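Working notes for the structure below.
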Amino acid sequence: MLVGHIAVGLAGKRIAPRVSLGALVLAALLPDLLWCFFLLTGIERVQLKAGRGAVNYLTASDIAFSHSLLMGAVWGLLLAAAYLLTVRNLQGACILFAAVLSHWLLDFVSHRPDMPLAPGVHKYYGLSLWNSVPATIVVEGGIWLLAIVVYLRATEPRSRAALYVFWGAAALLTLAWWSNITGPPPASVRAMAMSSLIFFACIVAWAYWMNRLRSTAGRCD
Numbered sequence: 005m006l007v008g009h010i011a012v013g014l015a016g017k018r019i020a021p022r023v024s025l026g027a028l029v030l031a032a033l034l035p036d037l038l039w040c041f042f043l044l045t046g047i048e049r050v051q052l053k054a055g056r057g058a059v060n061y062l063t064a065s066d067i068a069f070s071h072s073l074l075m076g077a078v079w080g081l082l083l084a085a086a087y088l089l090t091v092r093n094l095q096g097a098c099i100l101f102a103a104v105l106s107h108w109l110l111d112f113v114s115h116r117p118d119m120p121l122a123p124g125v126h127k128y129y130g131l132s133l134w135n136s137v138p139a140t141i142v143v144e145g146g147i148w149l150l151a152i153v154v155y156l157r158a159t160e161p162r163s164r165a166a167l168y169v170f171w172g173a174a175a176l177l178t179l180a181w182w183s184n185i186t187g188p189p190p191a192s193v194r195a196m197a198m199s200s201l202i203f204f205a206c207i208v209a210w211a212y213w214m215n216r217l218r219s220t221a222g223r224c225d
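Residue 225 is where the sequence shown ends in the working numbering, and the numbering goes up by one at each step.
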């Protein structure tokens, strides 16, 4: 998923208004950010082939350190602990932990059976939602739209610029999601990892920016 993960961050703002949207989106995307880093360093491996849509051109043969359920819990605990030590907000730390774990659950729904439970455990799971573009549009697109509504109702713009920044990014993210489920493969694994790392980092930066442009009832940590 792509916008499905970002949706977790947006919806999380309604549950934990004191937590920065940037931190929530970072948590929801953390396994993907780690995946890019692990691909670039050779710790994890994927293969590319001809086809349209990531479900057809991407084979994830070794992603257990970034995307397994066990390591998701580890990364989530580390992020939650760092947040708790820095901000002293237990509720926020728990929400961040849950956001990291949600990544495995959403990928389990969307991926073919390539989602591992833990490094070294050679059993893989997935419900293959991405095999059907119409079903993906309905399910993931529905999650995305619902999260946008929840976030907009939980916050209010501080200026007109907030509207342009939010809706402009929402449109670009929707186009990127469409390309991900229907577009051609990237030129190489390294090019994919590097461009994805930059892209995900920009999404997190946008979320931190949005947190300054839209206000909530609670103080943002």
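A virtual CB, placed ideally from N, CA and C, is assigned to each residue, including glycine. Because the structure is a prediction, the values reported are computed rather than measured.
Bridge partners for residue i per DSSP, in chain order?
i, result
"residue 36", "Bridge partners of residue 36: none, in fact."
"residue 50", "64"
"residue 161", "218"
"residue 129", "119"
For residue i, count neighbouring C-beta atoms within 10 Å of its own C-beta (all shown protein chains included) and say buried if the count is 16 or more, exposed if not.
i, result
"residue 172", "exposed"
"residue 202", "exposed"
"residue 90", "exposed"
"residue 153", "exposed"
"residue 113", "buried"
"residue 168", "exposed"
"residue 9", "buried"
"residue 142", "exposed"
"residue 165", "exposed"
"residue 84", "buried"
"residue 126", "exposed"
In the structure shown, what three-state DSSP assignment does residue i receive?
i, result
"residue 119", "strand"
"residue 140", "helix"
"residue 219", "strand"
"residue 169", "helix"
"residue 184", "helix"
"residue 109", "helix"
"residue 76", "helix"
"residue 6", "coil"
"residue 192", "coil"
"residue 96", "helix"
"residue 57", "coil"
"residue 18", "helix"
"residue 70", "helix"
"residue 145", "helix"
Check whether the Cβ atoms of residue i and residue j sit closer than 8 Å, and answer yes or no.
i, j, result
"residue 177", "residue 103", "no"
"residue 17", "residue 25", "yes"
"residue 181", "residue 7", "yes"
"residue 218", "residue 161", "yes"
"residue 207", "residue 33", "yes"
"residue 97", "residue 87", "yes"
"residue 52", "residue 190", "yes"
"residue 105", "residue 124", "no"
"residue 36", "residue 170", "no"
"residue 99", "residue 20", "yes"
"residue 185", "residue 11", "no"
"residue 38", "residue 50", "no"
"residue 155", "residue 14", "yes"
"residue 101", "residue 69", "no"
Return yes when at least one heavy atom of the ligand NAP lies under 7 Å from the C-beta of residue i, else no.
i, result
"residue 111", "What this structure holds is no ligand at all, so the ligand NAP is not there to describe."
Check whether the region 105-112 touches the region 52-61, taking contact to mean three or more Cβ pairs, one atom from each stretch, closer than 8 Å. no
Hey, is the region 40-55 in contact with the region 72-80, meaning 3+ C-beta pairs nearer than 8 Å? no
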